[in-house]
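The block underneath contains the structure these notes are about, expressed in structure tokens.
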Amino acid sequence: MKATLPLVSLICLFSFRGWSQDLAFDQNPNYKQSQDKYMRMADSLNRLHGTTLQETYKAIDYLADKQEAREKRREYRQQRRLNNYYYDWDYYNYRPTPSRYSRYRYWHRPYYPYSNNNYWGSLPWAVTFGLLCR
Amino acid sequence: MRTLRNVVGAVLLLSITLVGCSRKVTRIDPSEQIDLSGRWNNTDSRLVAEEMTRSILNDDWIKQHLQDHNNQKPVVIVGMVTNKSHEHIDAETYVKDVEQSFLKSSKVRLVQGGKKREELRAEKADQQTNSSASTMKKFGLENGADYILQGNINSIVDSQKRNKVVYYQVNLELTNIQSNEVVWIGDKKIAKQVRN
């Protein structure tokens, strides 16, 4: 028993030594700190392999800005129509008054809520029928 | 006679209107250059792919690697490309061409990365329990990459009222994973003038 104890200790010592990684030539002995840090975040970064990270910016472009402003105005008007914007406020007489989008504003005429009041789209049809009926 | 003339005129006018309003689709060659809006298009991607492929396969880094590693071919993994331009651009349209050129040239080996690699590992995991012992694939035998291919896309826009000049710079770089050394940088510059 007394003879085997130092032998067992020596065996244990060498086996523990084998568990630690031997440093490669010129390797920093503090590599473990970096390794532990990046082992934790490796999966989240490696998932992005082969992908394109979009970090775009908005360029100054006169025409594109104009187009965007036009579309915003259209959207604003559409939202106003959808919100049943029937009444304005008459500040002079202190009472509600039908707005320009209201069906009650032109009560004497038929109500076309989305009409642009032009008929250019029907011109070819009109000419065709006109020629047929002559 | 007059009526016939009117009918023919009406039919002609109607047919012109209908034909003019119908949609026409024509198949074209992917290498044909057609610039419509002035934004990034397939021609730009093709030019970048051609330049990067030519540069990466003819550079000295392959020769250096073969010398340093006993004639073993380099192994590359594709990393992330960052788009810092003003438009949405997907780099995969030209990076995939570069990957394909690696395999066709047989000078460089490629390993899978990203979500596809996770899918492979998931399949391997499934095989541990469901496949036969002789056909089951083992963990821990993947080829480690020697180099990682990363890149970025930048742009500069100069516009004045209806005129615009757009400049793109696409960079790809190859880095040694062990030593962090950048062994190759490829770039392609594209400039376009757009007049409205």
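Residue numbers (numbering that gives the first Met the number 0), protein chains in the order written: chain E, 0 to 133; chain V, 0 to 195. For glycine and all other residues, C-beta sits at the position ideal for the given N, C-alpha and C.
- Sequence-distant Cβ neighbours of V:Ile88 in its own chain, meaning closer than 7 Å and more than five residues away, are Trp39, Asn82 and Ile152.
- The Cβ atoms of V:Val169 and V:Lys187 sit closer than 7 Å to each other.
- Distances from the CA of V:Phe101 to each of V:Val47, V:Gln126, V:Ala124 and V:Val74 were compared; the closest alpha carbon is that of V:Val74.
- By the Cβ criterion, the segment 44-51 of chain V is not in contact with the segment 123-142 of chain V, since fewer than three pairs of Cβ atoms, one from each stretch, lie closer than 8 Å.
- The Cβ atoms of V:Ala90 and V:Val77 do not sit closer than 7 Å to each other.
- Across the structure, V:Asn142 and V:Gln177 are spaced so that their CA atoms are roughly 14 Å apart.
- Taking the Cβ atoms as the reference, E:Arg46 lies roughly 43 Å from V:Lys23, outside the contact range of under 8 Å.
- Within chain E, the residues whose beta carbon sits less than 9 Å from that of V:Glu91 are Gly49, Thr50 and Thr51, listed in sequence order.
- Using a Cβ-Cβ cut-off of 8 Å, E:Tyr61 is close to Ser158, Gln159, Lys160 and Arg161 of chain V, given in chain order.
- In the DSSP assignment, V:Arg53 falls within the unbroken alpha helix (DSSP H) covering Asn41 to Asn57.
- For V:Ile155, the CB contacts under 6 Å within the same chain, skipping 5 residues up- and downstream, are Tyr166 in chain order.
- Identification of residues in the segment 74-91 of chain V having a C-beta nearer than 8 Å to some C-beta of chain E yields Ile76, Val77, Gly78, Met79, Val80, Thr81, Asn82, Lys83, Ser84, His85, Glu86, His87, Ile88, Asp89, Ala90 and Glu91, given in sequence order.
- For the 7 Å CB-CB criterion, V:Lys106 and V:Ile61 form a contact.
- Every unbroken stretch of the alpha helix (DSSP H) spanning 4 or more residues and falling wholly within the segment 106-185 of chain V is given here in chain order: 113-129.
- For the C-beta of V:Val6, the chain E residues within less than 9 Å are, from N- to C-terminus, Leu130 and Leu131.
- The beta carbon of V:Gly139 does not come within 7 Å of any beta carbon belonging to chain E, so the residue lies off that interface.
- Per the coordinates, the alpha-carbon of E:Leu130 lies some 8 Å from the alpha-carbon of V:Gly8.
- The DSSP assignment places complete alpha helix (DSSP H) segments of no fewer than 4 residues inside the segment 19-66 of chain E at 30-45, in order along the chain.
- Residues of the segment 182-195 of chain V with a C-beta less than 7 Å from any C-beta of chain E: Asn195, listed in chain order.
- The closest CA to that of V:Ser30, considering only V:Leu17, V:Arg108 and V:Val47, is found on V:Val47.
- V:Lys191 carries a strand assignment under DSSP once its states are collapsed to helix, strand and coil.
- Within the same chain, and ignoring the five residues on either side of V:Val193 in sequence, the residues whose Cβ sits closer than 6 Å to its Cβ are Gly37 and Lys163.
- Counting only Cβ-Cβ distances below 8 Å, V:Gly112 has contacts in chain E at Asn45, His48 and Gly49, in chain order.
- By the CB criterion at 7 Å, V:Gly112 and E:His48 fall inside the cutoff.
- Chain E places a beta carbon closer than 7 Å to that of V:Leu12, counting this residue as a contact.
- Contact between V:Val97 and V:Ala144 is absent: CB atoms are separated by about 15 Å, not below the 8 Å threshold.
- Considering only V:Ser14, V:Leu12 and V:Asp58, the residue with the shortest C-alpha distance to V:Leu173 is V:Asp58.
- Among the residues of chain E, those whose CB is under 7 Å from the CB of V:Ala9 are Thr127, Leu130 and Leu131, following chain order.
- Not one beta carbon of chain V lies nearer than 7 Å to the beta carbon of E:Tyr30.
- Any Cβ of chain E closer than 7 Å to the Cβ of V:Thr16 would place that residue at the interface, and such an atom is present.
- V:Lys160 is positioned such that its CB atom lies closer than 7 Å to that of E:Tyr61.
- The Cβ atoms of V:Asp43 and V:Ile184 lie no closer than 7 Å to each other.
- For V:Asn82, the beta-bridge partners assigned by DSSP are E:Gln53 and V:Ile152.
- Taking each of V:Gln99, V:Thr25 and V:His85 in turn and checking the Cα distance to E:Tyr56, the smallest one comes out for V:His85.
- Take V:Asp34, set aside five residues on each side of it, and the residues of its chain with a beta-carbon closer than 8 Å to its own are Asn40, Thr42 and Lys191, in chain order.
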